[in-house]
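Chains as they are written, first to last, in the numbering used here: chain A, 27 to 451; chain B, 27 to 451.
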């Protein structure tokens, strides 16, 4: 999960309900939130709290590194099946899913959380409990959301809800960094439901009211500079990929990125060389470019790619190429599309109405999540906080606090959003 | 071992014996080489050939990474003791040595080869034999020299040589890269013989006639650039150590190094960053500067160190320092002094005379070896080839060829140099 920017102005514009008349979505949310069935649903969540925590621990302790989500996926698929979903399956890339059928004639809604964590295989994922805290790599992002979806299903069943929409509950792969959204990408580009999905809700750690309706796009490259290499003394004077790369970095650092829509760049990882007294035969930099605007991201990428050859040419001109020239290879290692779900889309209006109806101030933001894919395709999508108070995501000190009244209140907002969107009765 | 430069002009100047009258050293060498005892000494080498090879295999298979030469040192010390040397000991840093006493009143000569290899612990050092080749990491540099010194002692004993000089035979530690010549440094700065040593001969792989009479000096730094670090999107606009380092590299690449005495610089290793979408909190470059001239090396080092702060300042000016500034730390990780043994020094004249008298054309050169230390202190020192045909030093494919007639002829040149220098009778 990467949610990094809050569009505060938009939040203010829409978070001023006093002066506005109640919309159709406000009314639908109010009806849902005030219904007797929803009281039963909330009671179900409450009764499930310990089970949710136990499922979080169980799933956290099944490691799920990028591209290696299978063991956790199998466990989660069994859990989905146990909740009585139909059409439970694992797709070709490892997404696991099952349907809660609607009454017919309604849209298909995907409700998902991601299986993968950022941590490599072999990381100690044993959950440690301290007071009201639970600690383990990956426990918050996004493992803490997976059991919440199961609790939603049980709450719907116990409360006796039927929905007009079909709801596809899912644990998807490939959300984190190197996964490059491959689970979501497959779902929308190749999966069997690809043309049927009308709404997409991705649950990530965080509080309700945080409505991620914009997908920050990113392009990531690993650029390798290659040269003849040699001995620092015997071959002195020949071209060095280190100097070519340095020149490219300096020029990259001069790019003026627009502030709005926010556009950024970064040199994330540097590597190269084998020993202090060898002229490297290869050096590499791994870089990140992001924007909330597609034209801005395209323009930045173009500028970046255009500065590489001149940097290489400058080095080939500055030193001897008698033993070989410097060349470069720019490999695209990440490509997340820019996308937005407009504030007047039904999914956003419902998320807003439910938040407000629950006494939560909605805040809109941009992120880099599984929603980027549907957003970029014009499918209504949103990423919502699943409710637990989590912290230190992506660090070995990752953890979450257990505060049942607050956590349950937060979960209920997510559940009500799904129910309202699905036209539950 | 690093021997990288042949001073061809000097070689030509001195390798033209036809027009020159025989010097006192030429005469001494001729007397030694033509003596009946030397024939016996050569016969001893020949009879020892298989033992030399066996000792090379034995020692190669005892790994000796930088700073972990102890096991090999103990084995070599036992071998020195077995040859009847006196005062056999291991000094504080791990050099092992023993004396072959002279007849009295003569100088002290150190004859050494280094124990350490470049290979880390755990490298497979099992020797593989293929045809007349022996293969294992470290077998050539410098393990192949150690048993040759033992064969020298046996040859001297069997031939009945007495010497005016005392000869300290040694296996020394710390010659390779990170060792930074610590064995030789200790010997000359703190060891018990430090004020007594008049001549120093270091044997390294290579052919006789290669006379390394100049020590290339080097200064090596690992420069770490530190900054606040952050998220590539959320913290965009803050200073990055990657850009500061890039600027420093670009400026480093602009230094004009003198061609004579040869002076060079290199960016050897780049590292830094933790993930593509994190602004690094640290990046580092490991650099090498070398020269055959002390003032030139000092001047280059001064230029290098002077460009670091401006590069850091430029980055602190170019981006926001709200979360912290970039700083740098330049750590000296290698410091090998520049030194020369003049061509008219007795040790060089004798090495030259013995080479010529053996039908070998002397070639002078600069290197970065244990001789750097005595050379820098004005002690007469030279690095000579111990005789085997070795190849791919410092690579996992390192090896040596066995060609007894050639190898024995080469070893005899080294032995005759020691004997002539020691005024053997």
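C-beta atoms are modelled at their ideal positions from N, C-alpha and C, and glycine is treated no differently.
- [ ] Please work out which residues of its chain come closer than 6 Å, Cβ to Cβ, to residue 236 of chain A, disregarding the five sequence neighbours upstream and downstream, and give them in chain order.
- [x] 389 and 411
Task: Close beta carbons around residue 185 of chain B, own chain, < 6 Å, minus the five adjacent residues each side - done: 63, 66 and 67
Open item on the list: What does the Cβ neighbour count give for residue 108 of chain B, buried or exposed, with the cut at 16 atoms within 10 Å?
Closed with: exposed
- [ ] Step through the CB atoms of chain B and report whether any lies within less than 8 Å of the CB of residue 269 of chain A.
- [x] yes
Task: Per-residue DSSP class, three states only, for residue 428 of chain A - done: coil
Open item on the list: Let's see if you can read the secondary structure: which residues bound the beta strand (DSSP E) around residue 64 of chain A?
Closed with: Careful: residue 64 of chain A lies outside any beta strand (DSSP E), inside the alpha helix (DSSP H) at 62-73.
Open item on the list: Less than 8 Å between CB atoms is the rule here; does residue 451 of chain A satisfy it with respect to chain B?
Closed with: no
TODO: Would you mind stating whether residue 313 of chain A and residue 291 of chain A have Cβ atoms separated by less than 8 Å?
DONE: yes
Task: Selection of the segment 376-406 of chain A by Cβ proximity to chain B, strictly under 7 Å - done: none
Task: Sheet register partners of residue 223 of chain B (DSSP bridge) - done: B/134
Task: Residues within the segment 297-314 of chain B neighbouring chain A, beta-carbon criterion of under 9 Å - done: 297, 298, 299, 300, 301, 302, 303, 304, 305, 306, 309, 310, 311, 312, 313 and 314
Open item on the list: Between A/98, A/48 and A/249, which has its C-alpha nearest residue 353 of chain A's C-alpha?
Closed with: A/249
Open item on the list: Taking only three categories from DSSP, how would you classify residue 346 of chain A?
Closed with: strand
- [ ] Would you kindly work out how many angstroms separate the C-alpha atoms of residue 358 of chain A and residue 246 of chain A, rounded to a whole number?
- [x] 6 Å
Open item on the list: Rounded to whole angstroms, what is the Cα-Cα separation between residue 355 of chain B and residue 401 of chain A?
Closed with: 46 Å
Open item on the list: Does chain E have any CB closer than 8 Å to the CB of residue 346 of chain A?
Closed with: This model lacks chain E altogether; the protein chains it does include are A and B.
- [ ] Taking 8 Å as the threshold, find out whether the segment 225-234 of chain B comes into contact with the segment 332-352 of chain B through three or more Cβ pairs.
- [x] no
Task: Where the beta strand (DSSP E) through residue 189 of chain A begins and ends - done: Run containing residue 189 of chain A: none; DSSP gives neither H nor E here.
Task: Same chain, Cβ closer than 7 Å to residue 222 of chain A, five either side skipped, listed in chain order - done: 134
TODO: Consider the Cβ of residue 6 of chain A: report whether some Cβ of chain B lies at a distance smaller than 8 Å.
DONE: Lying before the first or after the last residue shown, residue 6 of chain A is absent from chain A, which here runs from 27 to 451.
Open item on the list: Does the structure place the segment 76-93 of chain B close enough to the segment 142-151 of chain B that three or more beta carbon pairs sit under 8 Å?
Closed with: yes
Open item on the list: Are the CB atoms of residue 59 of chain A and residue 195 of chain A within a distance shorter than 8 Å?
Closed with: no
Task: Own chain partners of residue 42 of chain B with C-beta closer than 6 Å, once the 5 adjacent residues on each side are dropped - done: Only weak support is given to the placement of residue 42 of chain B: the predicted model assigns it a pLDDT of 45, under 50, and the value that follows is read from those uncertain coordinates. There are no such residues.
TODO: Check the C-beta distance from residue 272 of chain B over to residue 275 of chain A and give it rounded, since I have them as a contact under 8 Å.
DONE: 3 Å
Open item on the list: Please state whether the Cβ-Cβ distance between residue 299 of chain A and residue 294 of chain B is less than 8 Å.
Closed with: yes
Open item on the list: On a Cα-Cα basis, can you pick out the residue from B/128, B/397, B/213 and B/348 that is closest to residue 253 of chain B?
Closed with: B/348
Task: Element boundaries [beta strand (DSSP E), containing residue 168 of chain B] - done: Per DSSP, residue 168 of chain B belongs to no beta strand (DSSP E) and is neither H nor E.
Open item on the list: Using only CA atoms, which one of A/82, A/180, A/183 and A/384 lies nearest to residue 102 of chain A?
Closed with: A/82
Task: Any chain A beta carbon closer than 8 Å to residue 104 of chain B - done: no
Open item on the list: With H, G and I counted as helix, E and B as strand and the rest as coil, what does DSSP make of residue 116 of chain B?
Closed with: strand
Task: Meets three-Cβ-pair contact criterion under 8 Å: the segment 369-385 of chain B and the segment 320-331 of chain B - done: no
Open item on the list: 8 Å is my cut-off, CB to CB: does residue 33 of chain B come that close to chain A?
Closed with: Since pLDDT at residue 33 of chain B reaches only 40, below the 50 mark, its modelled position is unreliable, and no value is offered.
Open item on the list: Nearest by alpha-carbon distance to residue 447 of chain B: which of B/116, B/413, B/260 and B/187 is it?
Closed with: B/187
Open item on the list: Can you tell me whether residue 104 of chain A is buried or exposed? The criterion is at least 16 other CB atoms within 10 Å of its CB, across all chains shown.
Closed with: exposed
TODO: Compare the beta carbon distance of residue 189 of chain B and residue 432 of chain B with 8 Å and say whether it is the shorter of the two.
DONE: no
- [ ] Within the same chain, show all residues whose beta-carbon is closer than 7 Å to that of residue 96 of chain A, passing over the 5 residues directly before and after it, in chain order.
- [x] 120
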